[in-house]
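Okay, so here's the structure we're looking at.
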Amino acid sequence: MPKNEGFACTQCGACCRRIAKIAELARFDDGSGICKYLDKTSNTCTIYANRPEICRIDMMFERHFAENYSKEQFYALNARACNALQEILGISKRFRVGVYEI
Ligand code: SF4
């Protein structure tokens, strides 16, 4: 999983393993809700340089959320989502994303 520019992504791979309900990623689903471009051994994206917009936190912020949130607020919301998803998937606490001040 990518570092996602300025966001403190811990490369847990959780977001790549829960794409079943994301319309923009329908063609990436391997059939089990996991992105077919996730290298499950290394937890890295095999199409990182060419990954879609929805997988790019900073691009999503600039194009869709900058009018409503500060970058810090957007990162904080993403961090909460990452950590909640990690909890659901039983991912080790060492991958938790640090809290952003908002
Ligand atoms: S769930 Fe969050 S911390 Fe984990 S890989 Fe995705 S963006 Fe990074």
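Letter 41 of the sequence shown, counting from 1, is numbered 77 in the working numbering, and no numbers are missing. Even for Gly, the Cβ is constructed at its ideal location relative to N, Cα and C.
The closest heavy atom of the ligand SF4 lies less than 7 angstroms from the beta carbon of L121.
CA-CA distance, I124 to E103, rounds to 31 angstroms. Counting only runs that start and end inside the region 86-118, the alpha helix (DSSP H) elements of at least 4 residues fall at 93-96. Taking C-beta separations shorter than 7 angstroms and ignoring five residues to either side along the sequence, the partners of K107 in its chain run F97, following chain order. Just so you know, the alpha carbons of K76 and L61 end up roughly 17 angstroms apart. In terms of Cβ geometry, I83 and I58 do not form a close pair [threshold 8 angstroms].
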